[in-house]
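**Q** Residue numbers (the working numbering), protein chains in the order written: chain E, 91 to 629; chain U, 624 to 991.
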Amino acid sequence: MPQVGEPKGLGPVGWLRWGWRSLTMMRTALVLLLLLALAAVPGSLVPQEGRQPAQAAEFRRRYPDLAPLLDKLGFFDVYASPWFAAVYLLLFISLAGCIVPRTKQYVRILRSRPPTAPSRLDRLPQHVAWTASSDRGEALLTAGDLLRRRRFRVAVDFEGNGSVAGEKGYLREAGNLVFHTALFGLLIALAGGSLFGTTGQKLVLEGESFTNTVTQYDDFTPGTLASADSLQPFGFRLKGFSATYQRSGPQRGTASSFVAKLSYTEGDGGRARDALVEVNKPLEVGGSKVFLVGHGYAPVVTVRDGKGEVAWQGPAAFLPQDGNLRSVGVVKAPDARDRNGKRDGLGFSGFFLPTVQLTKDGWFSSFPAPDDPVMVLTAYHGDLGLDSGRPQNVYQLDSSGMTQFRKADGSPFAQALRPGDRMKLPGGAGSLTFDGIKQWASFQIARNPSNSTALWSSVAMGLGLCASLFIRRRRVWVRVEPLLGGRVRIVVAGLDPGGTERTAEEVTELADELRERFPALRTATPDVNTPEPVHQEQK
Amino acid sequence: MSGTSLADQNLAQLANWLMYSAIAVYLLAFVAACAEWAFGGSTKVVRVSAAASSAQQTPVAPSRGRTRSVAVDGATGSSTQVLAPPAATSPEEHRAPAGDGSGAAGDSPRADLVGRIAVALTVLGLLLHFGSVLARGLAVSRPPWGNMYEFSTAFALMASAAYVGLLAARKPVRWLGVPVLFSVLLTLGLAVSVLYVDSAQLVPALHSYWLWIHVSAAIISGGVFHTAAVVTVLYLFRDRWEREVAAGRVEGRTAGLWRRLPSARTLDKLAYRLTGLVFPLWTFAVIAGAVWAEAAWGRYWGWDPKETWAFITWVAYAAYLHARATAGWKGRRAAVLGLVAFATFVFNYYGVNILITGLHSYGGLPTR
Ligand code: HEM
Numbered sequence: 091m092p093q094v095g096e097p098k099g100l101g102p103v104g105w106l107r108w109g110w111r112s113l114t115m116m117r118t119a120l121v122l123l124l125l126l127a128l129a130a131v132p133g134s135l136v137p138q139e140g141r142q143p144a145q146a147a148e149f150r151r152r153y154p155d156l157a158p159l160l161d162k163l164g165f166f167d168v169y170a171s172p173w174f175a176a177v178y179l180l181l182f183i184s185l186a187g188c189i190v191p192r193t194k195q196y197v198r199i200l201r202s203r204p205p206t207a208p209s210r211l212d213r214l215p216q217h218v219a220w221t222a223s224s225d226r227g228e229a230l231l232t233a234g235d236l237l238r239r240r241r242f243r244v245a246v247d248f249e250g251n252g253s254v255a256g257e258k259g260y261l262r263e264a265g266n267l268v269f270h271t272a273l274f275g276l277l278i279a280l281a282g283g284s285l286f287g288t289t290g291q292k293l294v295l296e297g298e299s300f301t302n303t304v305t306q307y308d309d310f311t312p313g314t315l316a317s318a319d320s321l322q323p324f325g326f327r328l329k330g331f332s333a334t335y336q337r338s339g340p341q342r343g344t345a346s347s348f349v350a351k352l353s354y355t356e357g358d359g360g361r362a363r364d365a366l367v368e369v370n371k372p373l374e375v376g377g378s379k380v381f382l383v384g385h386g387y388a389p390v391v392t393v394r395d396g397k398g399e400v401a402w403q404g405p406a407a408f409l410p411q412d413g414n415l416r417s418v419g420v421v422k423a424p425d426a427r428d429r430n431g432k433r434d435g436l437g438f439s440g441f442f443l444p445t446v447q448l449t450k451d452g453w454f455s456s457f458p459a460p461d462d463p464v465m466v467l468t469a470y471h472g473d474l475g476l477d478s479g480r481p482q483n484v485y486q487l488d489s490s491g492m493t494q495f496r497k498a499d500g501s502p503f504a505q506a507l508r509p510g511d512r513m514k515l516p517g518g519a520g521s522l523t524f525d526g527i528k529q530w531a532s533f534q535i536a537r538n539p540s541n542s543t544a545l546w547s548s549v550a551m552g553l554g555l556c557a558s559l560f561i562r563r564r565r566v567w568v569r570v571e572p573l574l575g576g577r578v579r580i581v582v583a584g585l586d587p588g589g590t591e592r593t594a595e596e597v598t599e600l601a602d603e604l605r606e607r608f609p610a611l612r613t614a615t616p617d618v619n620t621p622e623p624v625h626q627e628q629k
Numbered sequence: 624m625s626g627t628s629l630a631d632q633n634l635a636q637l638a639n640w641l642m643y644s645a646i647a648v649y650l651l652a653f654v655a656a657c658a659e660w661a662f663g664g665s666t667k668v669v670r671v672s673a674a675a676s677s678a679q680q681t682p683v684a685p686s687r688g689r690t691r692s693v694a695v696d697g698a699t700g701s702s703t704q705v706l707a708p709p710a711a712t713s714p715e716e717h718r719a720p721a722g723d724g725s726g727a728a729g730d731s732p733r734a735d736l737v738g739r740i741a742v743a744l745t746v747l748g749l750l751l752h753f754g755s756v757l758a759r760g761l762a763v764s765r766p767p768w769g770n771m772y773e774f775s776t777a778f779a780l781m782a783s784a785a786y787v788g789l790l791a792a793r794k795p796v797r798w799l800g801v802p803v804l805f806s807v808l809l810t811l812g813l814a815v816s817v818l819y820v821d822s823a824q825l826v827p828a829l830h831s832y833w834l835w836i837h838v839s840a841a842i843i844s845g846g847v848f849h850t851a852a853v854v855t856v857l858y859l860f861r862d863r864w865e866r867e868v869a870a871g872r873v874e875g876r877t878a879g880l881w882r883r884l885p886s887a888r889t890l891d892k893l894a895y896r897l898t899g900l901v902f903p904l905w906t907f908a909v910i911a912g913a914v915w916a917e918a919a920w921g922r923y924w925g926w927d928p929k930e931t932w933a934f935i936t937w938v939a940y941a942a943y944l945h946a947r948a949t950a951g952w953k954g955r956r957a958a959v960l961g962l963v964a965f966a967t968f969v970f971n972y973y974g975v976n977i978l979i980t981g982l983h984s985y986g987g988l989p990t991r
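1. Is the region 220-230 of chain E touching the region 195-207 of chain E in the sense that three or more CB pairs, one from each, lie closer than 8 Å?
2. Whose CA, out of E:Pro458, E:Asp434, E:Pro444, E:Met465, lies closest to the CA of E:Leu474?
3. Kindly indicate which residue of U:Tyr649, U:Ile910, U:Phe774 has the alpha-carbon position closest to the one of U:Ala743.
4. Taking just the CA atoms, how far does U:Val969 sit from U:Phe860?
5. Would a C-beta distance cut-off of 7 Å place E:Leu522 and E:Val391 closer than the cut-off?
6. Report yes if the CB atom of E:Ile527 is closer than 7 Å to the CB atom of E:Tyr387, and no otherwise.
7. Just mark E:Asn430 as buried or exposed, buried being the case when its beta carbon has 16 or more other beta carbons within 10 Å.
8. Which residue from U:Lys953, U:Val938, U:Arg888 puts its Cα closest to that of E:Leu122?
9. Go ahead and pull the three-state DSSP assignment for E:Trp453.
10. If you run the structure through DSSP and keep just helix, strand and coil, what is E:Asp364?
11. Just how far apart, CA to CA, sit U:Arg689 and E:Leu128?
12. Per DSSP, U:Lys953 forms a beta bridge with which residues?
13. Reducing DSSP to helix, strand and coil, say where E:Tyr307 ends up.
14. Just to confirm, are U:Ala782 and U:Asp631 a CB contact at a threshold of 7 Å?
15. Ignoring anything shorter than 4 residues, give me the alpha helix (DSSP H) runs that lie fully in the region 172-233 of chain E, in order along the chain.
16. Just checking, does the region 640-648 of chain U make contact with the region 271-283 of chain E on the three C-beta pairs under 8 Å criterion?
17. Could you check whether the Cβ of U:Val938 sits closer than 7 Å to any Cβ belonging to chain E?
18. Classify E:Asp395 as buried or exposed, calling it buried when 16 or more other Cβ atoms lie within 10 Å of its own Cβ.
19. Going by DSSP, name the residue or residues bridged to E:Pro312.
20. Are the region 287-297 of chain E and the region 325-334 of chain E touching by the rule of at least three beta carbon pairs closer than 8 Å?
21. Could you spell out the range, first to last residue, of the alpha helix (DSSP H) harbouring E:Glu399?
22. With burial defined as no fewer than 16 other Cβ atoms inside 10 Å of the residue's Cβ, what is the status of U:Trp835: buried or exposed?
23. Just the chain U side, please: which residues come within less than 9 Å of E:Phe381 by C-beta, in chain order?
24. If you count every other CB in all the chains shown that lies within 10 Å of the CB of E:Ala222, and 16 or more means buried, which is it?
25. From the DSSP output, in three-state form, read off E:Leu373 for me.
26. Excluding the five sequence neighbours on either side, which residues of its own chain have a C-beta within less than 7 Å of the C-beta of U:Phe753, listed in chain order?
27. For U:Phe907, count the other beta carbons within 10 Å of its own beta carbon; 16 or more makes it buried, fewer makes it exposed. Which is it?
28. Name the two residues that bound the continuous beta strand (DSSP E) containing U:Thr830.
29. So, using beta-carbon positions, are E:Ser455 and E:Asn414 closer together than 7 Å?
30. Does the beta carbon of E:Pro621 come closer than 7 Å to any beta carbon on chain U?
31. Determine whether the beta carbon atoms of U:Ala791 and U:Glu659 lie at a separation below 7 Å.
32. So U:Ser806 contacts chain E; which residues on that side make the cut at Cβ distance below 9 Å?
33. State yes or no: is the C-beta of E:Glu139 within less than 7 Å of the C-beta of E:Ala146?
34. Assign U:Lys794 to one of three DSSP states: helix, strand, or coil.
35. Thinking C-beta only, is E:Gly554 closer than 7 Å to E:Val268?
36. So, with DSSP's three-state summary, where would you put E:Ala115?
In structure tokens:
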């Protein structure tokens, strides 16, 4: 780690250098990591604009005093806010400033020989020593061979009092470098995804089709740099949708499967192929993936106006509100005419219950399958506001320019309909028939060109992390000191910065092997220390 | 996927019955483990040599005799053998301000016996517990971690398996029994009383083999993180006690407990090892979750609250590992970081599931 001293000199260069050194210190990295964790917290507590716009709006409504402040702080879009970016960018600059010098150092270490033995090997807590009668050179060569066989990098030094140095576990540092470098890969992938990826949502009724162009989407979010023609040409038709639910047991009503049957074509006018799309099983087509993300019912209705003409006909998608698919929706017939032939739009709003249950508290749905479907509607007439140019939600009725139909007693006119039923509006203003029920499925269509970068970076990260945490870097030395009378004193010692027991065992094993070839002389005083692993402070 | 058959219901019933039995047995084990501490503290007789010779036969039970003074300034060779078998002696006690304590039983044979009974009961409880989780899985023909009840029981299973696993690996960690059993009992108690739901099929969002991969990795990580956190808490207590002793202050009333723990250094290292061991697995769990999210929702990372807190946990543990490697942050500060990291893990489970709604709410289906 670079050492931070006092800022040298007073010039800006000195300060810059000091700033750079401080930033690339590991302690700074630690603080930045903690800051990053802290900075991520508010985004999980305050609803995020991008992910849950409805909840965010609700939150704003509920805390009118707090919201402007939170807005200013970017709390409704934490992960795209400048301060969040500042934290992770600083962290990554610090990381770069850390990786580069460490890589250089690592390459230098790989090129150089294992460091020579310290002068007093028996000072090391892990050491074994004995006296044997042998030739010094032979003992050294044998020790070198044994170490090599154990896949140590070995340097034999015949000079001085002769020693063999072995080192192993270089992959630890390599793994650490790979891990930290892979973090950059992940960052690049994340950035690439948000710059070039596209996602969009589309609700498709049974029997209807979708083609992959911007205008077809209900909701389309392109990446900042994604162009409209990055959308690959493909299309599909929803042939049918089926859902099954548990009919008994404590979780009655919980879905057990959703299957959307599609027929899709790739490219412009390719051959149509069938596919089943389920939750967790997207369709891959044209570099995009099509995910099933929702489903619901669409009552099929026919609206007749005051002249008896069909003013609107078709399925109207209702949006589910609860687990039993109580759904709300609207039917809009803007071009309806009244009895006199004057344009007077009709609008209906209400809810649909797949399995109706009437309690004293009101209407409920007691099961998500359409076992006993009922639709309850109220009706309006007037200007639907569709020509005003103002953007309108297709699932809501803008009743500001409309009048609600009322019963004779003045209460709002409403009617519950079963399939086949007809609702006659008061005063001969028209009617609505409930012809049947269709289903719809909603899809998320996503393209992310950087998925594989992210995946491979993660794999590299995982492998690097394992190497960095599980591989031990350790050094072993064998010294052979000449004694009088053709005898030698052999010392085997090891050093392991991690202080693990395995290194102690390795030293013992090596010593035992060596002692088999060069047995300890009985005359010599036993000088065999049970080796114990040494704990050394890490830098 | 049809409704539950009668056989499945019987299996589910068996699972519940096994769960209550497991809790009862764990409770007995907990009482026994507490008794070991109580009896072990009351012995006054010290038989150093006799205990040292009997030590070799009971590598699992660190119940060797140790006088007070040896435990306190035990920088002797023999005191380093308390925690580990000879070949695997931890070395740094040479420099440690205090040697490892004698273990929960102190030097009392009676306490040692009770301690062994506690371990036997824990193993029995673990088997029953495992049986319960297995029966639940068989009853629903899927991995038994589809809702909060199941996740809690599986997490507690991993926590107690991590403890028994350390014992089986001949690590002298019997002193961990009381705190580990305490949190296992707390988790299971919460699970059966507050979080319980009858066995059932999964919502379609959870129909994926990633459920096996991602959630089991998360559960195992959780079990080991939990053990590491328990060790860290004990480290903080023992470390404070060692400081007080070093400062020559009078030992407090709880000194009898801290004295019998391994040295602060040993505890710190054990916590670090456990964390380092599962951090890659936790990393994998997060990545697997991202891959699953990509398959289910079309984006691998969307800052959903669950994902956000998994990220926070991951960063917090990375910070802990860095702290351990950075001068000035070692020891107590790193330990506190480790505890904060574990707290974020726990919050991700209870807090996020209960307080915050996101895509990961177990049970709802992804309707938009
Ligand atoms: C994106 C943020 C980062 C993450 C998630 C991260 C994660 C990790 C992890 C998990 C380890 C543990 C591996 C081990 O114990 O050997 C580690 C080690 C290390 N990291 Fe980072 N790191 C980050 C940024 C940095 C930065 C900015 C620096 C340098 C200024 C740095 C320097 C180191 C060093 C030197 C080690 C080795 C420590 C040792 O020898 O034990 N890291 N990092």
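Every residue, glycine too, gets a C-beta built ideally from N, C-alpha and C.
**A** Walking through what the data contain:
1. no
2. Considering only alpha carbons, the answer is E:Asp434.
3. Looking at the Cα atoms, U:Tyr649 is the closest of the given residues.
4. 22 Å
5. yes
6. yes
7. By the C-beta density criterion, E:Asn430 is exposed, having fewer than 16 other C-beta atoms within 10 angstroms.
8. U:Val938
9. strand
10. In the structure shown, E:Asp364 sits in a strand (DSSP, three-state: E or B).
11. Per-residue confidence for U:Arg689 stands at a pLDDT of 35, beneath the threshold of 50, marking its modelled position as unreliable; no derived number is given.
12. Answer is none; U:Lys953 lacks a bridge partner.
13. coil
14. no
15. You should have 172-201.
16. no
17. yes
18. buried
19. In the DSSP output, where bridge partners are listed per residue, E:Pro312 has E:Thr288.
20. As far as the Cβ criterion goes, the region 287-297 of chain E touches the region 325-334 of chain E, which means the pair count is three or higher.
21. Taken as a continuous stretch (DSSP letters only), E:Glu399 belongs to no alpha helix (DSSP H), as it is neither H nor E.
22. Residue burial is scored here from C-beta neighbours: U:Trp835 has fewer than 16 other C-beta atoms within 10 angstroms and is therefore classed as exposed.
23. Ala918, Ala919, Trp920, Gly921
24. buried
25. In the structure shown, E:Leu373 sits in a strand (DSSP, three-state: E or B).
26. Leu780
27. In this structure U:Phe907 is buried. Its beta-carbon is surrounded by 16 or more other beta-carbon atoms within 10 angstroms.
28. Residue identity differs from the one stated: residue 830 of chain U is His in this sequence, not Thr. Where U:His830 is concerned, there is no enclosing beta strand (DSSP E), given that its DSSP letter is neither H nor E.
29. yes
30. Residue confidence is low: E:Pro621 scores 44 on pLDDT, short of 50, so the model does not pin down where it sits. Its coordinate-derived value is still stated next. Residue-level contact by beta carbon fails for E:Pro621 and chain U, as no gap is shorter than 7 Å.
31. no
32. Ordered by position in chain E, no residue passes the 9 Å Cβ test against U:Ser806, which lies about 24 Å from the chain.
33. yes
34. The answer is coil: DSSP assigns U:Lys794 none of H, G, I, E or B.
35. yes
36. According to the sequence shown, residue 115 of chain E is Met rather than Ala. In the structure shown, E:Met115 sits in coil (DSSP, three-state: anything other than H, G, I, E or B).
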